[in-house]
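S.K.: One structure follows; several queries about it will come next.
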Amino acid sequence: MSEMNNGHERWSEELAAYMLGALEPAELAAFEQHLEDCDRCRAEARWLAPALQAVPESVERVELPAGLRTRLMAEVQAEAEHHVGGARSGGGWRRRLGDLWRGEGRRGLRPAIGLAALALVVAAIAGYVVGNGGSTSPNGGGQLTVESGHAPGVVATMVREGQGGSLHLRNVRPIPDGRVLEAWVQRGDKVTPVRALFVPDREGRATTTVANMDGVETVMVTVEPAGGTEAPTSAPIVTMPIPG
Amino acid sequence: MVKREKAERLADEELMPLIAAKDPEAFEVFFDRHGGAAYSLAYRIVGERTGAEDVVQEAFISIWRSGARFDRARGSVRAWTLSIVRNRAIDVLRSRAGKAPKLTFDDELALEQRPSDDSTEDEAMRHETAGEVRGALGTLPGDQAKVIELAYFGGFSHSEIAGMLGVPLGTVKGRMRLGLEKIRGELAEGLA
Chain Z
1154 MSEMNNGHER WSEELAAYML GALEPAELAA FEQHLEDCDR CRAEARWLAP
1204 ALQAVPESVE RVELPAGLRT RLMAEVQAEA EHHVGGARSG GGWRRRLGDL
1254 WRGEGRRGLR PAIGLAALAL VVAAIAGYVV GNGGSTSPNG GGQLTVESGH
1304 APGVVATMVR EGQGGSLHLR NVRPIPDGRV LEAWVQRGDK VTPVRALFVP
1354 DREGRATTTV ANMDGVETVM VTVEPAGGTE APTSAPIVTM PIPG
Chain E
57 MVKREKAERL ADEELMPLIA AKDPEAFEVF FDRHGGAAYS LAYRIVGERT
107 GAEDVVQEAF ISIWRSGARF DRARGSVRAW TLSIVRNRAI DVLRSRAGKA
157 PKLTFDDELA LEQRPSDDST EDEAMRHETA GEVRGALGTL PGDQAKVIEL
207 AYFGGFSHSE IAGMLGVPLG TVKGRMRLGL EKIRGELAEG LA
């Protein structure tokens, strides 16, 4: 259908509501029908998709409950063993789970429900890893040594996803109450905060997302007051040079 | 089965085929990357810890069981994952409210999603996090941020939001659009 006579302007008003999941069911079906035929609406949706992705990333991070990961992986491992017909020994994972698993008790799982993705953006993936190894990643990206500031032992991994990337920390020591981790990106002389604050879990892992890695020369992480700050107030626990 | 160390060096999109092949090490890495954001999002929406745990556990199990359904042409793995968590959390909200969210809902309460029967510990944690939705939404004018939060975190339709706020439907649509465009503009400028 021609873009000139398909009512694009009227439908375009519905696009943001569509992306936010705010159309009524009847409107949704009609809009999706239009979307199939309208290159302009699809292009606008692709352009706005990173904004939609930034919405959940803006949520203040809270610590994962201690038992959630254990329960989930126990379920996954059990299904994986079933998948290979019991050929694989399950003792290793069961042993790793140990008393923690038995002490928590099992909570029932409801059946999985398939759900559609909202995001429409096409993400070209280029992965690279920054760790302690100092060797070349088998994944084709650079593997560099993390320069830890006041927190030696912290391992940082940056996984690129399209324009942005996710920053994963390990071996982070507990931070004081009322404090959060805040990531920063440096471009030239300019240092700006990453939007999503985060905190380490009980096992010392912490993750945040950098929405735009274009031109970033260094990623840093500092410990800041809850709510974050607009400029770093402490020495970085991680300083990660990003390959250009 | 891929070793954990090797899996950690793979991009998300490279993990998904392994997860589809039922590789638990790949899935573990996937969860470690996104579980925290997923739980934070679920907690923000459902407003209490147990419900958020259920949402995350069910969402990730659904991904484990259907990992092969990921289509990279439709977005990043993280966006896909969080959309699954968000939709499931909204389902929980709606099931609690009955057939649909209450139209007379106080929008301030909707934004905070305060639990009715939370423990003191939960309440304390919420006080630390409520109202600290910063970043992308924090840069928006209040009226734009409000409609986006009511839609995304509250699961309300634009018509319901118009009724709650007492503004014309077109105004809600416009604020949603302007809000997303402003966030997108800031991302394009590299300020995020």
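Those protein sequences? They're chains Z and E, same order as listed. Residues 1154 to 1397 (my numbering) are what the first sequence spells out, left to right. Residues 57 to 248 (my numbering) are what the second sequence spells out, left to right. Ideal placement from N, C-alpha and C gives every residue a C-beta, glycine not left out.
1) Distance cutoff 8 Å, beta carbons only. Does W1200 (chain Z) sit that close to anything in chain E?
2) Tell me, please, whether the stretch 1362–1374 of chain Z touches the stretch 1327–1347 of chain Z by the rule of three or more beta-carbon pairs shorter than 8 Å.
3) Using a 10 Å radius around the Cβ and a threshold of 16 neighbouring Cβ atoms, would you call V1344 (chain Z) buried or exposed?
4) Taking R134 (chain E) as the query, report the chain Z residues whose CB atoms sit under 8 Å from its CB, ordered along the chain.
5) Report the CB separation of R1214 (chain Z) from A1349 (chain Z) in whole angstroms; it is logged as a contact under 8 Å.
6) Looking at the strands, I want to know which residues DSSP matches up with K1343 (chain Z).
7) Using beta carbons (cut-off 8 Å, strictly below), is R1326 (chain Z) in contact with chain E?
8) Using the three-state DSSP reduction, which class does M1311 (chain Z) fall into: helix, strand or coil?
9) Taking Cβ positions, are V1347 (chain Z) and L97 (chain E) nearer each other than 8 Å?
10) Compare the beta carbon distance of G210 (chain E) and R150 (chain E) with 8 Å and say whether it is the shorter of the two.
11) Looking at C-alpha atoms only, which residue of E:R240, E:F86, E:V228 and E:W120 is the closest neighbour of E1166 (chain Z)?
12) Cβ closer than 7 Å: which chain E residues qualify as neighbours of D1354 (chain Z)?
13) In terms of residue numbering, what span does the alpha helix (DSSP H) encompassing R144 (chain E) cover?
14) Near R128 (chain E), which residues of its chain fall below 6 Å by C-beta distance, leaving aside the five closest residues on each side in sequence?
15) Answer yes or no: does any C-beta atom of chain E fall closer than 8 Å to that of E1335 (chain Z)?
16) Mind pulling the chain E residues with CB within less than 8 Å of V1372 (chain Z)?
17) Just the Cα atoms here: how many angstroms apart are V1229 (chain Z) and H90 (chain E)?
18) Cβ closer than 7 Å: which chain E residues qualify as neighbours of A1384 (chain Z)?
19) If I'm right that A1364 (chain Z) touches E1197 (chain Z) with Cβ under 8 Å, what's the distance once you round it to whole angstroms?
20) Which term fits Q113 (chain E), buried or exposed, when burial requires 16 or more other beta carbons within 10 angstroms of its beta carbon?
21) On the criterion of 16 or more Cβ atoms from any shown chain inside 10 Å, does E109 (chain E) qualify as buried, or is it exposed?
22) Helix, strand or coil for A1272 (chain Z) per DSSP?
23) With DSSP run on the structure shown, which of helix, strand or coil describes T227 (chain E)?
24) If you compare alpha carbons, which of E:F126, E:R142, E:I239 and E:N143 is closest to A77 (chain E)?
25) Check each candidate in Z:A1207, Z:P1385, Z:V1307 and Z:E1370 and name the one with the smallest Cα separation from E1356 (chain Z).
26) Check whether the Cβ of F1184 (chain Z) lies closer than 8 Å to any Cβ atom in chain E.
27) Please look up how many angstroms separate the CB atoms of M1226 (chain Z) and P73 (chain E), rounded, as I've assumed it's under 8 Å.
28) Cβ closer than 8 Å: which chain E residues qualify as neighbours of A1196 (chain Z)?
29) For H1161 (chain Z), which residues in the same chain have their Cβ closer than 6 Å to its Cβ, ignoring the five residues on either side in sequence?
30) For P1209 (chain Z), decide whether its Cβ has a neighbour in chain E, counting only Cβ atoms nearer than 8 Å.
31) Give the secondary structure of V1229 (chain Z) by DSSP, where H, G and I count as helix, E and B as strand, and everything else as coil.
32) Suppose you measure from the CA of P1378 (chain Z) to the CA of R231 (chain E); what does that come to, to the nearest Å?
33) What do you get for Q1186 (chain Z), buried or exposed, if any count of 16 or more other CB atoms within 10 angstroms of its CB means buried?
34) Could you give the first and the last residue of the continuous alpha helix (DSSP H) run that contains E1210 (chain Z)?
35) For M181 (chain E) and G1317 (chain Z), I'd like the C-alpha separation in whole angstroms.
36) Using a Cβ-Cβ distance cut-off of 8 Å, determine whether V1212 (chain Z) contacts chain C.
M.R.: For this structure:
1) yes
2) Below 8 Å, enough C-beta pairs join the stretch 1362–1374 of chain Z and the stretch 1327–1347 of chain Z to call them touching: three or more.
3) By the neighbour-count rule (16 or more Cβ atoms within 10 Å), V1344 (chain Z) is not buried but exposed.
4) Q1206, E1314, S1319 and T1362
5) 7 Å
6) Z:R1340
7) no
8) strand
9) no
10) No, they are not a contact pair.
11) Of E:R240, E:F86, E:V228 and E:W120, the residue nearest in Cα terms is E:V228.
12) G92
13) Boundaries of the alpha helix (DSSP H) harbouring R144 (chain E): V133 to A153, taken from the DSSP string.
14) Excluding residues within five positions, the ones whose Cβ falls inside 6 Å are E69.
15) no
16) Those do not exist, as V1372 (chain Z) stays about 13 Å from chain E at its closest Cβ, beyond 8 Å.
17) 16 Å
18) Those do not exist, as A1384 (chain Z) stays about 14 Å from chain E at its closest Cβ, beyond 7 Å.
19) In fact, because the Cβ distance is near 19 Å, the residues do not count as touching under 8 Å.
20) buried
21) Buried, by the Cβ-count rule.
22) Bear in mind that the predicted position of A1272 (chain Z) carries a pLDDT of just 28, short of 50, making it unreliable; the figure below should be weighed with that in mind. Residue state, collapsed to three classes: coil.
23) In the structure shown, T227 (chain E) sits in a helix (DSSP, three-state: H, G or I).
24) E:F126
25) Z:V1307
26) Taking 8 Å as the CB threshold, F1184 (chain Z) stays off the interface with chain E.
27) Going by Cβ atoms, the distance from M1226 (chain Z) to P73 (chain E) rounds to 20 Å, so no, they are not a contact pair.
28) In chain order: nothing, as chain E lies at least about 13 Å away.
29) C1191 and R1193
30) yes
31) helix
32) 31 Å
33) exposed
34) D1192 to E1210
35) With a pLDDT of 37 at M181 (chain E), under the threshold of 50, the predicted position of this residue should be treated as unreliable, though the coordinate-derived value follows. Spanning the two alpha carbons is a distance of roughly 29 Å.
36) The structure shown contains no chain C; its protein chains are Z and E.
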